[in-house]
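Reviewing the structure listed below.
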Amino acid sequence: MGILEVKNVNKRFGGLQALGNVNLSVQENTVHAIIGPNGAGKSTLLNCLVGKLIPDTGSVMFDGQSVLGRHPYEINQMGISRVFQTPEIFGDLTVMENMMIPCFAKRDGAFEMNALSAVGRQKDIIERAEHVLEDMKMLDKRNMHSASLSRGDKRRLEIAMCLSQEPRLLLLDEPTAGMARADTNNTIDLLKQIKEERDITIAIIEHDMHVVFSLAERITVLAQGTPLVEDTPDKIKGHPKVREAYLGESA
Amino acid sequence: MFGLDSKDTKLLIVVALLVILAPFILNPFPTDSALAQFNAGYPDLMQRFVIFGIFAIGFNILFGLTGYLSFGHAAFLGVGSYAAVWMFKLLSYNVIPAIALSVIVAALFSVLIGYISLRRSGIYFSILTLAFAQMSFALAYSVLSNPKFNLTNGETGLQVYPGDPQVLHHEGLPDVPHLFGIAMRDNFWEPVFGGWSFTFNNGYYLCAVLLIAVFYLSIRIFRSPFGMMLRAVKSNQQRMNYTGLNARPYTLAAFVISGMYAGLAGGLLAAMDPLAGAERMQWTASGEVVLMTILGGAGTLIGPVLGAGFIKYFENIFSKINDNVLHQWFSFMPDGMEDFMVFVLHPFIGKGWHLTLGLLFMLVVIFLPGGLVEGGQRIAALFRGGRKKRGGAEDGEHHPKPSPHVAE
Ligand SMILES: Nc1ncnc2c1ncn2[C@@H]1O[C@H](COP(=O)(O)OP(=O)(O)OP(=O)(O)O)[C@@H](O)[C@H]1O
Ligand SMILES: [Mg+2]
């Protein structure tokens, strides 16, 4: 049994079958990449995992518990954090405040009426936020307005926010899109380092094959809403179906 | 001090001093001078400044922080007033139980209205709150006022009659709202210095003390983790949800807190003048607090107080300027010019003060989206020699987004 078990998931948007009979099993403490051409349904699949969409049929189990019908915040509290394809951060807030919010969510739960203590006195939260920012090499930007960050930095901030929660399952939707090469490599290194330091399962959607083959231990290829193959990176590289459906286009 | 950092402590002290010294500050012109009509240091108006300041401070906790624009907050103010007058009628003229009940009843009301309205956001939320407020107005104006069940006394307004129980009232206590015998409407000091005269009113100082207290509370809320979550609601609810936070109870808590501020303001209005009318709940009254908050600077600490003062000053002072006054001002001009100037300015004074206010409001929103506070900051920056770069949020202060004032 994997930490994440997706069984027979179908999702239609009107006449479009975005997901057709998707089965996916992600093993604990692995990096599992999901690749596939544009419009293959990769983001839709993630949406079904975090409560943004409810599949028409099928089941999604995280650590033995169904996530279907739960609110996104409940699913996050179960231990799933997600980085979006277009960065979702608190644009009006500073980088440091962006970091502190997930730390509060982790410490205090979905709601806590903490209206009289000063944010500046929350030493544990500040320490935690700074620590992750440091790992991300973004500590110098801590007082910046996050809306004014570059696209790549916004994405790194969002990754840092998710990591600060120490999720059990981290979902990354094209985490390095829009990043400079150096930042992409930094991000790869950081994810590898996190992976070594603690138990974490990562499911990553990525178009950048360099990132995929640097990180992934298993790869699922999705095309037109259906998984074509699932295998190790080496096998996937040479797979004829994959070349045809996906790599053939970009290579 | 008081759990605030030095910058906030300074702000609190400045506000406290301004409020305490208001009877002096607002009466800068000698009583007999032509400019005396611009003096605002009389009890009735000063009470209004402070009461509507409280109303706006509370409104800002909801609107300024979460971005949820309520168009129905006057309902809580009205409910607060009714609750207070009922306390006067049943219990006694002591303002303490009256104000306490105002806040409690407003809290209960806002839990109900907030719980339902917050199922929607953006314009739909605003419309829901507006609908609730108009329903409350209709209830107060007619439905709950009939011979069998008269809760609000309809058009006449709720007031205290000689036949009312007032079970705790006794000989020796004033027959007007009082604080353990100190009548709210009395003045405790009316000094005259040369041509200047000042009025120190009991009721005003009760309101002033409460304003300072609730202003302090609002600073604490702004600087707390809870306040940060409210700003997160405004900034990106999607991110908030996927970060494991339930936005709904945060917004509801902000809604109820701001409803309680409104209830307090309503209770104080009744404590200053023991009368409650349905017009206090009308949508124009709800719109007014929105104007105050935006004009002063939504999401800033001091903005709402400035906005409230500004609008109440206009309402009471500009509306009193008439053509005769204008003729006096321009009497130095040749006759034709004088008449012309009076003709041009006529629409903007007296009953036309709304027009002036509207124009000023437009100017502020267009050129100073951060409200009067932004104006003040720009002036301060000029004095500091404008060369210092005005970077993003260096000080961690919350600068509200200029554009959409409605939550998505
Ligand atoms: N909410 C929606 N309503 C209607 N159609 C949708 C919705 N979300 C996705 N789709 C459609 O479903 C299909 C799969 O979309 P999805 O975003 O999952 O693809 P993807 O694999 O993530 O692609 P990309 O690599 O471009 O991000 C697309 O054709 C898309 O237009
Ligand atoms: Mg996608």
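First to last, the sequence lines map onto chains H and P.
Positions in the first sequence are counted from 1; adding 13 to them yields the numbering used here.
Positions in the second sequence are counted from 1; adding 114 to them yields the numbering used here.
Even for Gly, the Cβ is constructed at its ideal location relative to N, Cα and C.
Nearest residue (CA-CA) to residue i, options the options
{"i": "G358 of chain P", "options": "H:T245, H:R95 and H:T99", "result": "H:R95"}
{"i": "I165 of chain P", "options": "P:M343, P:K203, P:Q351 and P:A379", "result": "P:A379"}
{"i": "G181 of chain P", "options": "P:Y364, P:L265 and P:P279", "result": "P:Y364"}
{"i": "L293 of chain P", "options": "P:V209, P:Q352 and P:F497", "result": "P:V209"}
{"i": "L140 of chain P", "options": "P:F312, P:P291, P:G411 and P:Q280", "result": "P:F312"}
{"i": "Y275 of chain P", "options": "P:W200, P:M343 and P:H284", "result": "P:W200"}
{"i": "T197 of chain H", "options": "H:I213, H:H220, H:P180 and H:L184", "result": "H:H220"}
{"i": "H283 of chain P", "options": "P:K434, P:V219 and P:F202", "result": "P:F202"}
{"i": "G523 of chain P", "options": "P:V219, P:L131 and P:D278", "result": "Nothing about residue 523 of chain P can be read from this structure; chain P reaches only from 115 to 522."}
{"i": "A99 of chain P", "options": "P:F497, P:D387, P:V328 and P:Q491", "result": "The structure shown does not extend to residue 99 of chain P, since chain P is modelled only from 115 to 522, so the question has no answer here."}
{"i": "I215 of chain H", "options": "H:L59, H:F26 and H:A31", "result": "H:L59"}
{"i": "G228 of chain P", "options": "P:F454, P:T414 and P:A367", "result": "P:A367"}
{"i": "L242 of chain P", "options": "P:S235, P:G236 and P:S231", "result": "P:S231"}
{"i": "G167 of chain P", "options": "P:V439, P:V487 and P:I326", "result": "P:I326"}
{"i": "F454 of chain P", "options": "P:F462, P:G194 and P:F444", "result": "P:F444"}
{"i": "A46 of chain H", "options": "H:L66, H:R231, H:S163 and H:N21", "result": "H:R231"}
{"i": "L471 of chain P", "options": "P:A412, P:K426 and P:G450", "result": "P:K426"}
{"i": "P50 of chain H", "options": "H:A236, H:E243 and H:K254", "result": "H:A236"}
Contacting residues, own chain, Cβ-Cβ under 6 Å from residue i (five flanking each side not counted)
{"i": "M354 of chain P", "result": "A346 and A361"}
{"i": "K248 of chain H", "result": "none"}
{"i": "A189 of chain P", "result": "A247, S250 and M395"}
Residues near residue i by beta carbon distance below 7 Å, same chain, minus five either side
{"i": "G505 of chain P", "result": "In this predicted model, G505 of chain P has a pLDDT of only 43, less than 50, meaning its place in the structure is not dependable enough to derive any value."}
{"i": "F152 of chain P", "result": "F143 and I431"}
Residue i in three-state terms, based on DSSP
{"i": "H512 of chain P", "result": "Below a pLDDT of 50, predicted positions are generally treated as unreliable, and H512 of chain P, at 46, falls in that range; the measurement from the model is reported next regardless. Residue state, collapsed to three classes: coil."}
{"i": "T70 of chain H", "result": "strand"}
{"i": "F26 of chain H", "result": "strand"}
{"i": "A322 of chain P", "result": "helix"}
{"i": "D186 of chain H", "result": "strand"}
{"i": "N42 of chain H", "result": "coil"}
{"i": "K465 of chain P", "result": "helix"}
{"i": "D122 of chain P", "result": "helix"}
{"i": "D121 of chain H", "result": "helix"}
{"i": "A216 of chain H", "result": "strand"}
{"i": "Q237 of chain H", "result": "coil"}
{"i": "S311 of chain P", "result": "strand"}
{"i": "K20 of chain H", "result": "strand"}
{"i": "I102 of chain H", "result": "coil"}
{"i": "T107 of chain H", "result": "strand"}
{"i": "S372 of chain P", "result": "helix"}
{"i": "R169 of chain H", "result": "helix"}
{"i": "E402 of chain P", "result": "helix"}
{"i": "G33 of chain H", "result": "strand"}
Through-space distance from residue j to residue i, alpha-carbon basis
{"i": "N34 of chain H", "j": "G238 of chain H", "result": "8 Å"}
{"i": "V133 of chain P", "j": "F163 of chain P", "result": "10 Å"}
{"i": "M174 of chain H", "j": "F103 of chain H", "result": "11 Å"}
{"i": "I48 of chain H", "j": "R233 of chain P", "result": "37 Å"}
{"i": "L29 of chain H", "j": "V19 of chain H", "result": "20 Å"}
{"i": "E452 of chain P", "j": "H460 of chain P", "result": "12 Å"}
{"i": "P180 of chain H", "j": "I217 of chain H", "result": "14 Å"}
{"i": "T70 of chain H", "j": "N36 of chain H", "result": "12 Å"}
{"i": "L482 of chain P", "j": "G410 of chain P", "result": "10 Å"}
{"i": "N199 of chain H", "j": "L118 of chain P", "result": "39 Å"}
{"i": "E143 of chain H", "j": "S332 of chain P", "result": "28 Å"}
{"i": "E125 of chain H", "j": "N111 of chain H", "result": "17 Å"}
{"i": "A422 of chain P", "j": "K55 of chain H", "result": "52 Å"}
Cβ neighbours of residue i in the same chain (closer than 8 Å, five flanking residues each side left out)
{"i": "F173 of chain P", "result": "S184, H187, S372, Y375, A376, V403, V404, M406, T407 and P418"}
{"i": "A392 of chain P", "result": "G192, F251, A254, Y255, T266, G268, E269 and G271"}
{"i": "N316 of chain P", "result": "L293, I296, A297, M298, R299, D300, N301 and F302"}
{"i": "K119 of chain H", "result": "S177, Q178 and E179"}
{"i": "A521 of chain P", "result": "Low per-residue confidence applies at A521 of chain P: pLDDT is 38, beneath 50, and the placement is therefore not dependable, though the value from the model is reported in the following sentence. The answer, listed in chain order, is T180, G181, Y182, L183, S235, G236, F239, V347, K348 and Q351."}
Proximal chain P residues relative to residue i, where beta-carbon distance stays under 7 Å
{"i": "V63 of chain H", "result": "Y356"}
{"i": "V132 of chain H", "result": "R337, S338, P339 and M342"}
Per-residue contacts from residue i into chain H (C-beta, under 9 Å)
{"i": "L176 of chain P", "result": "Neighbours of L176 of chain P on chain H: none; closest Cβ ~13 Å, over 9 Å."}
{"i": "D119 of chain P", "result": "A131 and G133"}
Chain-ordered neighbours of residue i on chain H, where CB pairs are closer than 7 Å
{"i": "P363 of chain P", "result": "F124"}
{"i": "R345 of chain P", "result": "D105 and L106"}
{"i": "Q352 of chain P", "result": "E101"}
Residue i: contacting residues in chain P (beta-carbon distance under 9 Å)
{"i": "F338 of chain H", "result": "Only positions 14 to 264 of chain H appear in the structure, and residue 338 of chain H is not among them; the question remains open."}
{"i": "N60 of chain H", "result": "Within 9 Å Cβ-Cβ: nothing; N60 of chain H doesn't reach chain P, min ~11 Å."}
Listed by chain order, chain P residues near residue i by CB distance under 8 Å
{"i": "P115 of chain H", "result": "T357 and G358"}
{"i": "R95 of chain H", "result": "Y356"}
Cβ-heavy atom distance, residue i to ligand 3, below 8 Å
{"i": "K24 of chain H", "result": "By its list of ligands, the structure shown excludes ligand 3, since it contains just ligand 1 and ligand 2."}
> Going along the stretch 137 to 161 of chain P in order, which residues come within less than 7 Å of chain A, judged by CB to CB distance?
Replying inline: Annotation note: the requested chain A is absent from the structure, which comprises protein chains H and P.
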